[in-house]
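I have placed the structure first, in the form of structure tokens, so that the comments after it can refer back to it.
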Amino acid sequence: MDPLKVPDQLPSLDHEVIVQLEEVHFAVEHVDTTPRSHEILTYHRIAKAEEIRERIQCASIAIVTQACITAESLGEAPYLYDDTRRPREFADLQLRKCIITPTAGTNHIDLDECKRRGIKVAKCPGSTSPAAAEHALSLYFAARRKTVMLHNDIRAVDENGENLWKRQHSIALKMQTANERPPCSIEEEVAGIIGHGHIGKRLETLCTALGMKVLIAERKNEAPDRNVVNELTARTPFGEVMKTATVLFICCTSNSGTQNLIDVAELSAMRPEAIIVNISRGGVLNTQEVVKALRERRISGVAADVFDQEPASTEEDSAFLAEDTKDLNLTFSPHVGYFSTKTMATMKDMVRERIKWFINGDFSKFEV
């Protein structure tokens, strides 16, 4: 754990203290807080609530990527201000509190609690969409072609120096779908996209260009919104997408309405050749039921960049990581779908922009 850092000067009407909690994920340099001065305190990684609380108590601006901002981790933060000024100035100063996340989602930030405390919150929608969409496709190809399983079979050599390929001369049949058919080609794929934000729209473009048929799902259990502005793509009822898609891309926002979005009913409706690619958040899938569906050969594969608890390593973090799932067509990456040169540059630009919004008092674009 990084030692606690103390600012040279506490926040005031003339000075900002910017605390970055997770350099391991993201950090920004060279911000402009004109006409105020500023200093930046950066920590490599933060996980526990008490660590967060201690480190942001002196911040006027906190930058968080995955750290959970809750009533517990906030404590009384941000609250250490230079209160040597006149009471009126100090009262105004109390309003200047801000949390910025370089991500598109805010499921790790308790927005209601921030609103109650008068803390402004800003996110960066679209910052990761090009890389995340490409990563989703890479997971799709790996799951459809069972690349990881075949890789492991080739590397698994017995005491005679032989692997399954050498013993059987061909292991092509391992690529079969759950209904014992060869894998779908791109032209046969029906891509169902759950979530039509920045990432979903980019995925739609890429999947269409590859030759897939693309269905954009309506929201589950909601009537179609006929008043959507600038919506050029017709939407398909959620249940129909479940029944029709051969690959399901999940890239929706994580919130209370999308928890266990894919559950028993959805899995029962899916085609046996279907695979699921999740780049949203772990809680969007009922992982226990997904594993059961895979084991019973009701679907053909799952690829995920996200888990119920992160960082993930064992069954305690995700049912996907149980010891008895290693023979299933599961393909994972460790929540790195966002990572690219363009993404990191975009994130930095957007965070700098939001710092300026805050300095200038332009709160109209903030979440709260």
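Residues in the sequence shown are numbered consecutively from 1, following the UniProt record's numbering.
Where a beta carbon is used, it is the ideal one built from N, C-alpha and C, also for glycine.
Are the segment 104-114 and the segment 208-222 touching by the rule of at least three beta carbon pairs closer than 8 Å? no
Can ALA303 and ALA142 be called in contact, C-beta distance under 8 Å? Walking along the sequence shown from the start, residue 303 turns up at place 303. Walking along the sequence shown from the start, residue 142 turns up at place 142. Taking 8 Å as the Cβ cut-off, ALA303 and ALA142 qualify as a contacting pair.
Would you kindly check if the distance between the Cβ of VAL247 and the Cβ of GLU274 is under 8 Å? Taking the first residue of the sequence shown as 1, we reach residue 274 at position 274. Taking the first residue of the sequence shown as 1, we reach residue 247 at position 247. Just to set this straight, residue 274 is Ala in the shown sequence, not Glu. Yes.
So is LYS120 buried or exposed if we call it buried at 16+ other beta carbons inside 10 Å? Here residue 120 refers to the residue found at position 120 of the sequence shown. Buried, because 16 or more other Cβ atoms sit within 10 Å of the Cβ of LYS120.
Whole-angstrom Cβ separation of THR346 and SER138, contact assumed at under 8 Å? The residue you call residue 346 lines up with position 346 of the sequence shown. The residue you call residue 138 lines up with position 138 of the sequence shown. Incorrect: roughly 20 Å between the Cβ atoms, too far for contact.
Let me confirm a value: ASN286 is counted as buried when at least 16 other C-beta atoms fall within 10 Å, else exposed. Which label applies? Taking the first residue of the sequence shown as position 1, residue 286 is located at position 286. The residue in question, ASN286, is buried, as its Cβ has 16 or more Cβ neighbours within 10 Å.
Are the segment 253-273 and the segment 157-164 touching, with three or more C-beta to C-beta distances below 8 Å? no
Report the three-state DSSP secondary structure of VAL98 (helix, strand or coil). Within the sequence shown, numbered from 1, the residue matching residue 98 stands at position 98. Just to set this straight, residue 98 is Cys in the shown sequence, not Val. Residue state, collapsed to three classes: strand.
DSSP state of ARG36 mapped onto helix, strand, coil: Position 36 of the sequence shown holds residue 36. Coil, per DSSP.
Starting from THR331, trace the beta strand (DSSP E) both ways and give me its first and last residue. The residue labelled residue 331 in the question sits at position 331 within the sequence shown. Where THR331 is concerned, the enclosing beta strand (DSSP E) stretches over 330-332.
Express the C-alpha separation of LYS348 and ASP153 in angstroms, rounding to a whole number. Residue 153 sits at position 153 when you count from the first residue of the sequence shown. Residue 348 sits at position 348 when you count from the first residue of the sequence shown. Those two C-alpha atoms are separated by around 42 Å.
Would you check if the distance between the CB atom of GLU113 and the CB atom of ALA71 is smaller than 8 Å? Within the sequence shown, the letter at position 113 stands for residue 113. Within the sequence shown, the letter at position 71 stands for residue 71. Their beta carbons are under 8 Å apart, which means GLU113 touches ALA71 by this criterion.
Taking the DSSP output, what are the residues bridged to LEU248? Numbered from its first residue, the sequence shown carries residue 248 at position 248. In the DSSP output, where bridge partners are listed per residue, LEU248 has GLY192 and ILE276.
Compute the Euclidean distance between the alpha carbons of THR34 and HIS44, then round it to the nearest angstrom. Translated into the one-based positions of the sequence shown, residue 34 becomes position 34. Translated into the one-based positions of the sequence shown, residue 44 becomes position 44. The alpha-carbon atoms of THR34 and HIS44 are separated by roughly 27 Å.
Per the contact definition of three or more C-beta pairs closer than 8 Å, is the segment 129-137 in contact with the segment 317-330? no
Take the Cβ of PRO334 as the centre, count every other Cβ of all protein chains shown within 10 Å, and call the residue buried at 16 or more, exposed below. In the sequence shown, the residue the question calls residue 334 occupies position 334. Under this definition PRO334 is an exposed residue.
Using a Cβ distance threshold of 8 Å, determine whether the segment 234-253 contacts the segment 197-208, with at least three qualifying pairs required. yes
Along the beta strand (DSSP E) that carries LEU215, what are the first and last residues, could you check? Locating residue 215 in the sequence shown gives position 215, where the first residue counts as 1. It spans 213-217 - the beta strand (DSSP E) in which LEU215 sits, taken as one unbroken run.
Looking only at its own chain, which residues have a Cβ that is under 6 Å from the Cβ of GLY301, when we skip the five neighbours before and after it? One-based indexing of the sequence shown puts residue 301 at position 301. So the list reads ALA143, ILE275 and ASN329, once near-sequence residues are dropped.
Reducing DSSP to helix, strand and coil, say where GLN20 ends up. Taking the first residue of the sequence shown as position 1, residue 20 is located at position 20. Strand at GLN20.
Which one of THR244, SER256 and GLY283 has the shortest CA to CA distance from ALA269? Translated into the one-based positions of the sequence shown, residue 269 becomes position 269. Closest option to ALA269, Cα to Cα, is THR244.
How is LEU41 classed by DSSP in three states: helix, strand or coil? Along the sequence shown, read from residue 1 onward, the residue named residue 41 stands at position 41. Reduced to three states, the DSSP call for LEU41 is strand.
Just to confirm, is the Cβ distance from THR65 to THR42 under 8 Å? Position 65 of the sequence shown, counted from the start, is the residue given in the question as residue 65. Position 42 of the sequence shown, counted from the start, is the residue given in the question as residue 42. No, the Cβ-Cβ distance between THR65 and THR42 is not below 8 Å.
Residue range of the beta strand (DSSP E) that LYS120 falls in? The residue you call residue 120 lines up with position 120 of the sequence shown. It spans 120-122 - the beta strand (DSSP E) in which LYS120 sits, taken as one unbroken run.
Residue range of the unbroken beta strand (DSSP E) whose run includes VAL302: For this step, residue 302 is matched to residue 302 along the sequence shown. Taken as a continuous stretch (DSSP letters only), the beta strand (DSSP E) holding VAL302 covers 301-304.
Residues bridged to ARG235 by DSSP? What you label residue 235 is simply residue 235 of the sequence shown in a count that begins at 1. DSSP lists ILE216 as partners of ARG235.
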